[in-house]
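> I'd like to ask you about the structure that follows.
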Ligand code: C2E
Ligand code: MG
Ligand code: MG
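Residue numbers (the working numbering): 1 to 406.
Encoded structure:
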């Protein structure tokens, strides 16, 4: 079987608004599996046996998602990705291969750097539930939310903030908060995982979300400001493409009681950074105005050593995936130690996110990591709850009274 297309009449009507997935794999059984599973999940499927056919059918089939193998007789998956990149601005790619998981993750990062929208890869053998979950997550999270919907939500004040405290690991002293966007819709709360990826594909919308979050945080400053309390806001790297960013952020704070020095800009999705000179210039201008800059999700594919060389950052934020495996995986332990040392060498403070247990907190404290954030200290909360949390926290931090006074 070379090609199979699942549609009611085996040709697709232009009015067919169902989601389309293209499977590119030289394994007959795998193509049959995807055709069956995705077809049952309501998707239109085109399964082809190699890159040449895939590239040929790209424009006519216009898939929402491509499931791509990494090895073909004449071409490897990375070469396919580089051919796809300029032609697939709206298509998401899921790599699916039986190769070493490290290689699969690296290939995913290569794809992201090429500008392809990469979803979580599927290691082979692929379980039916995993494929269905990938397709459903795409359907729920990506397809349903559109940029105009996000804009409208901001205009109507439906995107509000939850604040998660950060504390000094050595002394327990409150260090400030991270402001996290929460979209309140019909009694439900839509998490950033569902709408931030949509925002981060659009420069204008990324800037709009940043100023929205900053002005809300400025209006709610009484809730989070403390002696040394700063508010961290997430900033997609896409925002750095606009040289007017420092001016725009200063204007956002005009007439409020807060200053740039009250904010930390946590830079996310740095995989999309393209012009290092521009990035350095804009970040330096932000620093001159008083904003602190942090590299978020440090250690993942999005944020790397390469950036540290040119970026004037005050802080690196160790990704929570390393913290989660700190006690069980020797490699995470070594990597976190290196990140803490690196931060200190660069005169940047180190923040560990996703701390869920005292054992993790203690280990990070022993490594001299500066600041901690995570459910162990506090979950993200509404601004009104912060005062109560701070009162309780100051009177009894979880690791006992001996270091609470520092
Ligand atoms: P992030 O900046 O790394 O934020 C930390 C995320 O970890 C938050 O998820 C937080 O709720 C979660 N978290 C905190 N402590 C723990 C813990 O102990 N265990 C676990 N498992 N998770 C913990 P959230 O709020 O769902 O945000 C997810 C991501 O969405 C953020 O990751 C950030 O990259 C993005 N995001 C959130 N708000 C905004 C925003 O206003 N603008 C932009 N551009 N991105 C945002
Ligand atoms: Mg963050
Ligand atoms: Mg993070």
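The beta-carbon is built from N, C-alpha and C at its ideal position, and this holds for glycine as well. Source: prediction; values computed, not measured.
Any contact between the region 241-258 and the region 180-193? By contact I mean 3 or more CB pairs, one from each, below 8 Å.
Result no; under three Cβ-Cβ pairs closer than 8 Å.
> Taking 7 Å as the cut-off, is the CB of residue 166 close to at least one heavy atom of ligand 3?
Taking the chain shown and counting its residues from 1, one reaches residue 166 at position 166. Residue 166 Cβ: outside cutoff for every heavy atom of ligand 3.
> Looking at residue 376: is its Cβ nearer than 8 Å to the Cβ of residue 357?
The sequence position of residue 376 within the chain shown is 376, counting from 1. The sequence position of residue 357 within the chain shown is 357, counting from 1. Against a cut-off of 8 Å, the Cβ pair of residue 357 and residue 376 comes out as a contact.
> Using the beta-carbon count (16 or more within 10 Å), is residue 38 buried or exposed?
Here the question's residue 38 lines up with position 38 in the chain shown. Residue 38 comes out buried.
> Closest to residue 201 by CA distance: which of 178, 236, 228, 170 is it?
Working through the chain shown from its first residue, we reach residue 201 at position 201. Out of 178, 236, 228, 170, 236 has the C-alpha closest to the C-alpha of residue 201.
> Apart from the five residues just before and just after residue 373, which ones in its own chain have a Cβ nearer than 8 Å to its Cβ?
As a first step, residue 373 must be located in the chain shown, where it is residue number 373. So the qualifying residues of the chain are 164, 165, 166, 167, 178, 351, 352, 353, 354, 355.
> Does the beta-carbon of residue 317 have 16 or more other beta-carbons within 10 angstroms, so that it is buried, or is it exposed?
Taking the first residue of the chain shown as position 1, residue 317 is located at position 317. Result: buried.
> For residue 367, which of helix, strand or coil comes out of DSSP?
Mapped onto the chain shown, residue 367 falls at position 367. Note: residue 367 maps to coil in three-state DSSP.
> Which parts of the region 91-117 are runs of the alpha helix (DSSP H), unbroken and 4 residues or longer, counting only runs that do not cross its ends?
The qualifying runs are 101-113.
> Report yes if the C-beta of residue 178 is less than 7 Å from at least one heavy atom of ligand 1; otherwise report no.
Counting from 1 along the chain shown, the entry for residue 178 is found at position 178. Yes, Cβ of residue 178 sits closer than 7 Å to a heavy atom of ligand 1.
> For residue 219, which residues of its own chain have a beta-carbon under 8 Å away from its beta-carbon, when the five flanking residues on both sides are left out?
The residue labelled residue 219 in the question sits at position 219 within the chain shown. Excluding positions up to five away in sequence, the list reads 256.
> Could you give the C-beta distance for residue 56 and residue 26, rounded to a whole number, given that I count them as a contact under 8 Å?
One-based indexing of the chain shown puts residue 56 at position 56. One-based indexing of the chain shown puts residue 26 at position 26. Between residue 26 and residue 56 the Cβ distance is about 16 Å, and since that is not below 8 Å, they are no contact.
> Rounded to the nearest angstrom, what separates residue 152 and residue 199 at their Cα positions?
Reading the chain shown from its first residue, position 152 is the one you call residue 152. Reading the chain shown from its first residue, position 199 is the one you call residue 199. Residue 152 and residue 199: Cα-Cα distance of roughly 13 Å.
> Let's see if you can read the secondary structure: which residues bound the alpha helix (DSSP H) around residue 22?
Position 22 of the chain shown holds residue 22. No alpha helix (DSSP H) holds residue 22; the beta strand (DSSP E) holding it covers 20-24.
> When you compare the CB positions of residue 22 and residue 63, do they come within less than 8 Å of one another, or not?
As a first step, residue 22 must be located in the chain shown, where it is residue number 22. As a first step, residue 63 must be located in the chain shown, where it is residue number 63. Yes, they are a contact pair.
> Using only the alpha-carbon positions, how far apart do residue 348 and residue 102 sit?
Residue numbering aside, residue 348 sits at position 348 when the chain shown is read from its first letter. Residue numbering aside, residue 102 sits at position 102 when the chain shown is read from its first letter. Distance between the alpha carbons of residue 348 and residue 102: 29 Å.
> Is residue 266 buried or exposed, if buried means 16 or more other CB atoms sit within 10 Å of its CB?
Mapped onto the chain shown, residue 266 falls at position 266. Classification of residue 266: buried, given that the 10 Å Cβ count is 16 or more.
> Using beta-carbon positions only, say whether residue 213 and residue 233 come within less than 8 Å of one another.
To locate residue 213, count along the chain shown from 1; it is residue 213. To locate residue 233, count along the chain shown from 1; it is residue 233. Yes, Cβ-Cβ distance for residue 213 and residue 233 is below 8 Å.
> Taking 8 Å as the limit between beta carbons, can you name the residues of its chain near residue 104, skipping five residues before and five after?
For the purposes of this step, residue 104 is taken as the residue at position 104 of the chain shown. Correct list, in chain order: 70, 95, 97, 121, 123.
> Taking the Cβ atom as the reference point for each residue, do residue 45 and residue 35 lie within a distance shorter than 8 Å?
By 1-based counting over the chain shown, the position of residue 45 is 45. By 1-based counting over the chain shown, the position of residue 35 is 35. Yes, the Cβ-Cβ distance between residue 45 and residue 35 is below 8 Å.
> Would the beta-carbon of residue 296 be found less than 7 Å away from any heavy atom of ligand 2?
On the chain shown, position 296 is the one that residue 296 refers to. Answer for residue 296: yes, Cβ within range of ligand 2.
> Determine, using beta carbons only, whether residue 287 and residue 293 come nearer to each other than 8 Å.
On the chain shown, residue 287 is found 287 positions in, with the first residue counted as 1. On the chain shown, residue 293 is found 293 positions in, with the first residue counted as 1. Yes, the Cβ-Cβ distance between residue 287 and residue 293 is below 8 Å.
> Does the distance from the C-beta atom of residue 65 to that of residue 81 stay below 8 Å?
For this step, residue 65 is matched to residue 65 along the chain shown. For this step, residue 81 is matched to residue 81 along the chain shown. No. Outside cutoff.
> Grouping DSSP H, G and I as helix and E and B as strand, with all else coil, what is residue 372?
Residue numbering aside, residue 372 sits at position 372 when the chain shown is read from its first letter. Strand, per DSSP.
> Could you check if residue 311 is buried or exposed, using at least 16 other CB atoms within 10 Å of its CB as the buried criterion?
Locating residue 311 in the chain shown gives position 311, counting from the first residue. With 16 or more other Cβ atoms within 10 Å, it is buried.
> Can you give me the C-alpha to C-alpha distance between residue 126 and residue 298, rounded to a whole angstrom?
Within the chain shown, the letter at position 126 stands for residue 126. Within the chain shown, the letter at position 298 stands for residue 298. C-alpha separation (whole angstroms): 29 Å.
> In the DSSP output, which residue or residues are listed as bridge partners for residue 166?
Locating residue 166 in the chain shown gives position 166, where the first residue counts as 1. Looking at the DSSP assignment, residue 166 forms a beta bridge with 176.
> Cβ of residue 220 versus every heavy atom of ligand 3: is any distance shorter than 7 Å?
Position 220 of the chain shown holds residue 220. No.
> Can you find the residues in the same chain that come closer than 7 Å, C-beta to C-beta, to residue 285, ignoring five residues on each side of it along the sequence?
One-based indexing of the chain shown puts residue 285 at position 285. So the list reads 246, once near-sequence residues are dropped.
> From residue 18 to residue 47, what does the alpha carbon distance come to, in whole angstroms?
As a first step, residue 18 is located in the chain shown; it is residue number 18 there, counting from the start. As a first step, residue 47 is located in the chain shown; it is residue number 47 there, counting from the start. Rounded to whole angstroms, residue 18 to residue 47 spans 16 Å at the Cα level.
> I'd like the span of the alpha helix (DSSP H) that includes residue 356, first residue to last.
Here residue 356 corresponds to residue number 356 of the chain shown, with the count starting at 1. No alpha helix (DSSP H) contains residue 356, which DSSP labels as neither H nor E.
> Could you have a look at residue 259 and say whether DSSP puts it in helix, strand or coil?
Taking the first residue of the chain shown as position 1, residue 259 is located at position 259. In this structure, residue 259 counts as coil in the three-state DSSP scheme.
> Compute the distance between the beta-carbons of residue 77 and residue 68, then report whether it is under 8 Å.
Against the chain shown, residue 77 aligns to sequence position 77. Against the chain shown, residue 68 aligns to sequence position 68. Yes, the Cβ-Cβ distance between residue 77 and residue 68 is below 8 Å.
> With burial defined as no fewer than 16 other Cβ atoms inside 10 Å of the residue's Cβ, what is the status of residue 181: buried or exposed?
Mapped onto the chain shown, residue 181 falls at position 181. Result: buried.
> Can residue 360 and residue 326 be called in contact, C-beta distance under 8 Å?
If you number the chain shown from 1, residue 360 lands on position 360. If you number the chain shown from 1, residue 326 lands on position 326. Taking 8 Å as the Cβ cut-off, residue 360 and residue 326 qualify as a contacting pair.
> Hey, would you say residue 346 sits closer than 8 Å to residue 291, going by beta carbons?
Start at 1 with the first residue of the chain shown, and residue 346 comes out as number 346. Start at 1 with the first residue of the chain shown, and residue 291 comes out as number 291. No.
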